[in-house]
Amino acid sequence: DKPKILVTQKVPDAAYPILESFGIVEANEEEGVIWSYDELLHRAPGHDYLFCLLTDTIDARFLETCAAANPRLKMIANMAVGFNNIDVATATRLGIAVSNTPGVLTDTTADLAFGLLLATARRIPESERFLRAGRFTGWGPLLFCGAEVYGATLGIIGAGRIGQAMARRASGFNMRVLYHNRSRLSAEEEQRYNLTFVSFEELLKESDFISLHCPYTQETHHLIGEREFALMKPEAILINTARGAIIDEKALVRALQTGQIASAGLDVFENEPAIEPELLQMEHVVLAPHIGSASLKTRSLMATTAANNLLAFQKGEVPPNILNPDVLDQQ
Ligand code: GLV
Ligand code: GLV
């Protein structure tokens, strides 16, 4: 019998032929429609494989329901590098494999992070709105003066693949790059990207730009809050392309309102798609709708990567991006 696969959202075309080559695919065909938790919980049980997105909440209740169904759920392929939407510990306990899509979106996400940095520093979206509103009456010596990027100090929090790719971009702008990470990089890696390891506090105090590239976990929940904003420079610009809840968004609003920091460029939000209403009113803050990995090529690669992880599992191979390889011994 062919395994049953549920695809929870419309994804790039390249994924479907891979999935159809070995399974019976049931898919949400409506672009932009996200099934609610209840709808997904209603549809998923009885599928062998789940191809899901970061907007799907795969919690213990969901996993237990799918593990008890016939056929039981065997593997979840998340089409994202982040997997905080999935209770991986419970999946592991229930013998359900989980994979993500690292690597393929590293440079694309770093491009967006650096783009947000430039856009925020040089006030590009704000000045574009000004121009489109017909308010540009001529070159002005004081018109939209922003912060200098070239030569400034960038602090990178989380020096994994994406953080290192961000450092690579910064070196092209002759920036001084500080980083803080749970574990220090090798001397060779530090040298390659001209990175200086500093304490978390020192990074907050010294940086003109702070860019977040750590995963969202219990440890990084509200990593940047009231205490951290108080340590930052008044000129500091905060960039977030990681996960919204790494920042205490209400504390960010206060820090921006009181001038504790200068601005922020945000691609992710604590309660997305909801945004703190005050942020929407702040003209100098740059906001993007979680598009870090959104290039045609990368999204297609993420889709085929997720599909190929399921295919590998089906063939009895080790899925290349499995997050809980221990479950394979239990099969
Ligand atoms: C996007 O946010 C991802 O985790 O891939
Ligand atoms: C994600 O790919 C990371 O490790 O930064």
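Each residue of the sequence shown is one higher than the last, beginning at 3 in UniProt numbering. We put the beta carbon where it would ideally sit given N, CA and C, even for glycine.
Within the DSSP bridge table, the entry for Thr155 names Arg178 as partners. DSSP lists Gly157 and Leu240 as the beta-bridge partner residues of Ile212. Per DSSP, the beta-bridge partners of Thr198 are Leu180. For Val90, the secondary structure class from DSSP, reduced to helix, strand or coil, is helix. Spatial neighbours of Arg163 in its own chain (CB-CB distance under 6 Å, excluding positions within 5 residues in sequence) are listed in chain order as Thr108. Less than 7 Å divides the Cβ of Ala115 from the Cβ of Thr243.
With a cutoff of 6 Å, Gly84 counts as near ligand 1, since its C-beta is closer than that to a heavy atom of the ligand. Counting along the chain, the unbroken beta strand (DSSP E) around Val100 starts and ends at Ala99 to Ser101.
Gln316 and Lys4 have their alpha carbons spaced roughly 10 Å apart.
Closest option to Leu325, judged by alpha-carbon separation, among Val100, Val13 and Arg131: Val100. Annotation: His182 to Ile226 spans about 13 Å, alpha carbon to alpha carbon.
For Met177, the CB contacts under 6 Å within the same chain, skipping 5 residues up- and downstream, are Ala154 and Leu156 in chain order. With a cut-off of 6 Å, the C-beta of Ser295 is classified as near ligand 1, since at least one heavy atom of the ligand falls inside that distance. The Cβ-Cβ distance between Glu272 and Glu251 falls below 7 Å. Of the residues Glu28, Met234 and Glu228, the one whose Cα lies closest to the Cα of Leu206 is Met234.
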